[in-house]
Amino acid sequence: MPEVYEQITKKQRDWAGRHAINLEPNYYFKDIDDNLFGGLDSNTRVEFEQGSGHELGESRKMYAPWSSSALVTNFFQYWRRIEDIPTICAALSLDGEYGSLTFEKKLLNPTGRGKPNLDVELSGLREKASEPSVVGIESKFTELYRSGKKNEMENEYLNPAIWGDKFQALFKLASEIHGRKVEFANFDAAQALKHMLGMFTTYSNRRLRMICLWYEVESSEAKIFREKLDLFKECVADSFDFVSLTYQELFQSLRTICGDKHSAYMNYLEKRYLS
């Protein structure tokens, strides 16, 4: 098991121990509320139960202290709970009027395969010329620090018609990934392309942005991941607005915006993930 992955999972187990939270033999939480700041809100629960990731189902993936879904929920759920979505949007450098925040947002898939899910979707109340009206966020925690099979670009995605004239550069990249002419190492470029396809199929006439929000631990894995993000952004630049941001950068932005406010939330994030 890679060293950084072990480091992250141990840090999360230790955090639970310091807070006298007993873990199961597999180191998962017994109660999902123990994994989340303020617990799991009822509307968030419904969204995860309806999602395709089965985070709360038999596999109980979201019960893991190192769960990427728990991480993104801990950062975003609070702002919907207190009805202050503009603050988290400002921390993401979004200047539009975003009134809706949804977890596990299902998108259309023109191939007929399973519907892709965005970890978080932000959508605007009104169109603003300089800003995207729909923002999809993909959360990465330990994924880039452990070995594992990435998504394949299946044959169904090699039909240029489903990408449309506007997104032929994305089709070209999908074909190159399928043919292994380009490699993205520990960044799951195939998954990102499928989510982009889902976004512009679902919202054909909207301005779109995808944010890859990832947890950075100084390491060779993080260095490679950042390089591959830059390569991917370059490949899709003419077709899609793609942004990468670390959780560390997002937290610092929140700290600047919040100042002394929201101290319980900020202290929780800092002590659990960022100290």
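The numbering of the sequence shown is the working numbering, which starts it at 2 and goes up by one. In this text, a Cβ means the ideal position worked out from N, Cα and C, and glycines have one as well. These numbers were taken from a predicted model, which means no experiment stands behind them.
### Task
Below 8 Å on the Cβ atoms is my guess for Gln249 versus Glu222; work out the distance and round it to an integer in Å.
Not confirmed; about 15 Å, so no contact.
#### Entry: Test item: CB-CB of Phe49 and Glu105 under 8 Å
Yes; because the gap between Cβ atoms is below 8 Å, this pair is in contact.
### Task
Less than 8 Å between the CB atoms is what I'm expecting for Thr112 and Tyr158, so what's the real figure, rounded?
Going by Cβ atoms, the distance from Thr112 to Tyr158 rounds to 6 Å, so yes, they are a contact pair.
### Query
Taking C-alpha atoms, which residue in Glu7, Lys116, Gln169 lies nearest to Tyr28?
Nearest C-alpha to Tyr28: Glu7.
### Message
Short of 7 Å in beta carbon distance, which residues of its chain neighbour Ser176, apart from the five on each side in sequence? Order them along the chain.
### Response
Hits under 7 Å: Leu159.
### Query
Is the CB-CB distance between Asn118 and Gly54 below 8 Å?
Yes, they are a contact pair.
### Message
Assuming Tyr99 is part of the beta strand (DSSP E), what are its boundary residues?
### Response
Looking at the DSSP string, the run of the beta strand (DSSP E) that includes Tyr99 is 99–107.
### Message
Please classify Thr257 as buried or exposed, where buried requires at least 16 neighbouring CB atoms within 10 angstroms.
### Response
Exposure of Thr257 is indicated by the presence of fewer than 16 other C-beta atoms within 10 angstroms of its C-beta.
### Query
Straight-line CA distance for Ile89 to Ser276?
Looking at the two C-alpha atoms, the distance is approximately 21 Å.
### Query
Under 8 Å, do Asn75 and Leu246 count as touching if we go by C-beta distance?
Result no, Cβ atoms of Asn75 and Leu246 do not sit closer than 8 Å.
#### Entry: Proximity to Asp120 [Cα-Cα], best of Gln78, Lys151, Arg114
Of the candidates Gln78, Lys151, Arg114, the one whose C-alpha sits nearest the C-alpha of Asp120 is Gln78.
### Task
Quick one: give me the first and last residue of the beta strand (DSSP E) that Thr247 is part of.
In the DSSP annotation of this structure, the continuous segment of the beta strand (DSSP E) that includes Thr247 starts and ends at 242–247.
### Query
Are the CB atoms of Cys213 and Glu139 nearer to each other than 8 Å?
Yes, the Cβ-Cβ distance between Cys213 and Glu139 is below 8 Å.
### Task
Flag this pair as touching only if the stretch 54–70 and the stretch 85–103 have three or more C-beta atom pairs under 8 Å; answer yes or no.
Three or more beta-carbon pairs separated by less than 8 Å are not found between the stretch 54–70 and the stretch 85–103, which leaves the two stretches without contact.
#### Entry: Three-state secondary structure assigned by DSSP to Gly260
Per DSSP, reduced to three states, the secondary structure at Gly260 is coil, with no helix or strand assignment.
### Query
Can you tell which of Asn44, Arg207, Asp189 has its C-alpha closest to the C-alpha of Val135?
Measuring from the Cα of Val135, the nearest candidate turns out to be Arg207.
### Query
Does DSSP put Phe142 in a helix, a strand or coil?
In the three-state reduction of the DSSP assignment, Phe142 falls in the coil class, being assigned neither a helical nor a strand state.
#### Entry: Sequence-distant residues of the same chain with beta carbon closer than 7 Å to Ala191, five excluded per side
Answer for Ala191: Lys151, Asn152, Glu153, Met154, Ile178, listed in chain order.
### Query
Does the Cβ-Cβ distance between Leu209 and Phe241 come in under 8 Å?
Yes, the pair counts as a contact, with Cβ atoms nearer than the cut-off.
### Message
If you reduce the DSSP assignment to three classes, tell me which class Leu37 lands in.
### Response
Here Leu37 sits in coil by DSSP.
### Query
Whose C-beta lies closer than 7 Å to the C-beta of Gln169 among residues of the same chain, with five residues either side of it excluded?
The residues are Pro161.
### Task
Since I believe Met211 is in contact with Gly137 (beta carbons under 8 Å), could you give me their beta-carbon distance rounded to a whole number of angstroms?
Here Gly137 really is in contact with Met211; their C-beta atoms are around 5 Å apart, less than 8 Å.
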